[in-house]
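Student:
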Amino acid sequence: MDTKKQIQALFKEAELYRSHGLFVEAKAKYDNVAKLIQKNDRIANKQSLLDAISKKIGAVENEIKKFDKPPATPKMSTKAQDLVKNLFSFSEDKDEDAALLEGAMALAKFGQFERALIEFNELIKKDSLRVSAAKNIIRCHIALSSSDEAITKYRKWLSGDSFSSGQLEEIRIFFQDILDRKGIDKKLPAVTQPKDARKEEAREEDFLDISSIAITLGDESKKGALIELDVNFQRGNTISLIISRDDKDLIENLKVGFRLNNIQFFSPIAVFNGSGIVSEKAPIELGPKKGDYRVDIEIQNT
Amino acid sequence: MDAFPSGNLCPVGGELQFISCEAYLRYRFVFSALRLDSMAVFNLKNREIECKVVYYGPGRCGKTTNLEYIHKAFKKQVSGEMVSIDTEGDRTLFFDFLPMELGKVRGCAVRVQLFTVPGQVQYSSTRKVVLRGVDGVVFVADSLEARREKNMLSLKDLQQNLKEFGTSIFKVPLVLQYNKRDLAEQGLPTMSIEKMERELNNQLKVPSFPASALKGKGVGATLQECLKLTLRDLQKQLKWAQ
Chain A
16 MDTKKQIQAL FKEAELYRSH GLFVEAKAKY DNVAKLIQKN DRIANKQSLL
66 DAISKKIGAV ENEIKKFDKP PATPKMSTKA QDLVKNLFSF SEDKDEDAAL
116 LEGAMALAKF GQFERALIEF NELIKKDSLR VSAAKNIIRC HIALSSSDEA
166 ITKYRKWLSG DSFSSGQLEE IRIFFQDILD RKGIDKKLPA VTQPKDARKE
216 EAREEDFLDI SSIAITLGDE SKKGALIELD VNFQRGNTIS LIISRDDKDL
266 IENLKVGFRL NNIQFFSPIA VFNGSGIVSE KAPIELGPKK GDYRVDIEIQ
316 NT
Chain B
325 MDAFPSGNLC PVGGELQFIS CEAYLRYRFV FSALRLDSMA VFNLKNREIE
375 CKVVYYGPGR CGKTTNLEYI HKAFKKQVSG EMVSIDTEGD RTLFFDFLPM
425 ELGKVRGCAV RVQLFTVPGQ VQYSSTRKVV LRGVDGVVFV ADSLEARREK
475 NMLSLKDLQQ NLKEFGTSIF KVPLVLQYNK RDLAEQGLPT MSIEKMEREL
525 NNQLKVPSFP ASALKGKGVG ATLQECLKLT LRDLQKQLKW AQ
């Protein structure tokens, strides 16, 4: 192919790529065209052609820059936000509270932090979602670069009576970790022991340390398989379990409010039976267990 | 049975006759609604099956164009407006959404939610959110030679994201679409189907379709096959009474 035809073919290709929004590919072809023109001294209007190609390269470079630097997340319309909230509430027919949380979290994941905050500020009123909602409120404020606002919120929770001291401590650790990782030099006020802390401590001592439990899911008359789980943390009559993300059925079954009527508790000095209720379930979002679930069970009768 | 109007475009015919609500009602657990690990919902009370199909692929490969064509061409099955949640120029920033109703299969209404993901590499987190709970995937590959690497990277990205949701690309109902076949006519270098098969489908060995979404060619066949695989997979997951 002679040079003229080669230039024409490359130019046509570049124009086609450009018309299909493939700017990187278009630029590569324009560059090739420019090189060929440059090399060829027999082209009469060489400089004007190079100028024209250069303009085209500049234009596609601008397009590339535009797409390489994504715009700040655009704010969706209220209708679109409602759609996101509904479409990404995967638990809507199983667990209404979990679905509400998922919807709000989806809004946050799509960068709709202000709307998500409105949702989380409603969800914080629900017992089962209080801690998760609080953590997400913090996340949203951080994402909106308003860490001071988040700290103000935390202080408000600290002085109020909506959260237990255990919950506040959990939120503090979570929040402090974010601040530290972001290099924000602020120390959150520690959770003060409540007035009846001594009483609470005394109550805690009434509970044996539980190292593991065994539960049966499903219709117990069907004698479902016994599942043994290690206890990762215990506070008073609430035990925390970490469940692998791979145990989907188990995670699915252990909904907040789910009653386990027959639990075997294993402690270093005794084995006993009792019942419990799932008081909280939340995905672990940081560290090596990321993706697994923390499930809290409140022991009710032993 | 209500189905697509055009003879070949019946996603619930033939092999899918095993989907029987009556059989399901005999299933040992009688739930009013049962949701699987996937997004699919079997609502026995309303006798509905709802599943989610995601169009995945590199940026500019034609995912949105596929949905636009479906929206335009299958008006009878489309049950609502196509929603494109924010775009930058003609690039999808979040996702496109198109709800469809495929009609009744032995008394069960089959509803499908079609989604696209944003293809650009930087929208990884959005892709994950959209992919969550997927029941079937259409991977749209770009036939242009210049997009060869992008196809492979996007397929790898799909594999990784599915893995993060605890599923495997080898297990999810998946169909490949080799889009933009028409661009060869315009003189742009395109890959042969054989080459694309070798590079993208050598290990997966899933159904694949040449297509030109802009002209509507291959769009219906791709969707039909994906829906067939998806519904068959849902049947397996439920251990549906045969």
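In order, the protein sequence lines correspond to chains A and B. Its first residue numbered 16, the first sequence is counted upward by one per residue in our numbering. Its first residue numbered 325, the second sequence is counted upward by one per residue in our numbering. We treat Cβ as the ideally placed atom computed from N, Cα and C, and that holds for glycine.
Quick check on the burial criterion: 16 or more other C-beta atoms within 10 angstroms. Buried or exposed for residue 420 of chain B?
Tutor: buried
Student: Establish whether the CB of residue 512 of chain B and some CB of chain A are separated by less than 7 angstroms.
Tutor: yes
Student: By the criterion of Cβ-Cβ separation under 8 angstroms, what are the contact partners of residue 505 of chain B in chain A?
Tutor: In chain order: nothing, as chain A lies at least about 14 angstroms away.
Student: With respect to the beta strand (DSSP E) encompassing residue 243 of chain A, which residues constitute its N-terminal and C-terminal limits?
Tutor: 241-250
Student: Are the beta-carbon atoms of residue 462 of chain B and residue 550 of chain B separated by less than 7 angstroms?
Tutor: yes
Student: Given a threshold of 16 other Cβ atoms within 10 Å of its Cβ, counted over all protein chains shown, does residue 288 of chain A qualify as buried or as exposed?
Tutor: exposed
Student: Which word fits residue 284 of chain A, buried or exposed, when buried means at least 16 other C-beta atoms lie within 10 angstroms of its C-beta?
Tutor: So residue 284 of chain A counts as exposed.
Student: Is the CB of residue 237 of chain A under 7 angstroms away from at least one CB in chain B?
Tutor: Because the pLDDT at residue 237 of chain A is just 42, under 50, the model does not fix this residue reliably, and the point stays unresolved.
Student: Could you tell me which whole beta strand (DSSP E) segments of length 3 or greater appear in the stretch 396-458 of chain B?
Tutor: 407-412, 415-429 and 432-440
Student: Going straight from the alpha carbon of residue 147 of chain A to that of residue 262 of chain A, what length do you get?
Tutor: 21 angstroms
Student: Mind pulling the beta strand (DSSP E) runs of 3 or more residues that sit fully within the stretch 254-316 of chain A?
Tutor: 274-281, 286-298 and 308-316
Student: Are the stretch 495-515 of chain B and the stretch 528-538 of chain B in contact at 8 angstroms, needing three or more beta carbon pairs?
Tutor: yes
Student: Across the stretch 118-129 of chain A and the stretch 473-485 of chain B, are there enough close Cβ pairs to call them in contact, namely three or more that are closer than 8 angstroms?
Tutor: With the cut-off at 8 angstroms, the stretch 118-129 of chain A and the stretch 473-485 of chain B do not touch.
Student: In angstroms, rounded to a whole number, what distance separates the CA positions of residue 29 of chain A and residue 76 of chain A?
Tutor: Cα-Cα distance, rounded: 13 angstroms.
Student: When the Cα of residue 555 of chain B is compared with those of B:370, B:376 and B:371, which residue comes out closest?
Tutor: B:376
Student: Along chain B, which residues have their Cβ under 9 angstroms away from the Cβ of residue 159 of chain A?
Tutor: Within chain B, no residue comes near residue 159 of chain A; the closest Cβ sits about 17 angstroms away, beyond 9 angstroms.
Student: Counting only Cβ-Cβ distances shorter than 9 angstroms, please list the residues of the stretch 241-275 of chain A near chain B, keeping chain order.
Tutor: 260, 261, 263, 264 and 267
Student: Per DSSP, residue 119 of chain A is paired with what?
Tutor: DSSP lists no beta-bridge partner residue for residue 119 of chain A.
Student: Using only alpha-carbon positions, find the residue among A:151, A:205 and A:308 that is nearest to residue 246 of chain A.
Tutor: Out of A:151, A:205 and A:308, A:308 has the C-alpha closest to the C-alpha of residue 246 of chain A.
Student: Is it the case that the Cβ atoms of residue 475 of chain B and residue 382 of chain B are separated by a distance below 7 angstroms?
Tutor: yes
Student: Under a three-way DSSP split, which group does residue 533 of chain B fall into?
Tutor: strand
Student: Residues of chain A with CB under 8 angstroms from residue 407 of chain B, in chain order?
Tutor: 95 and 98
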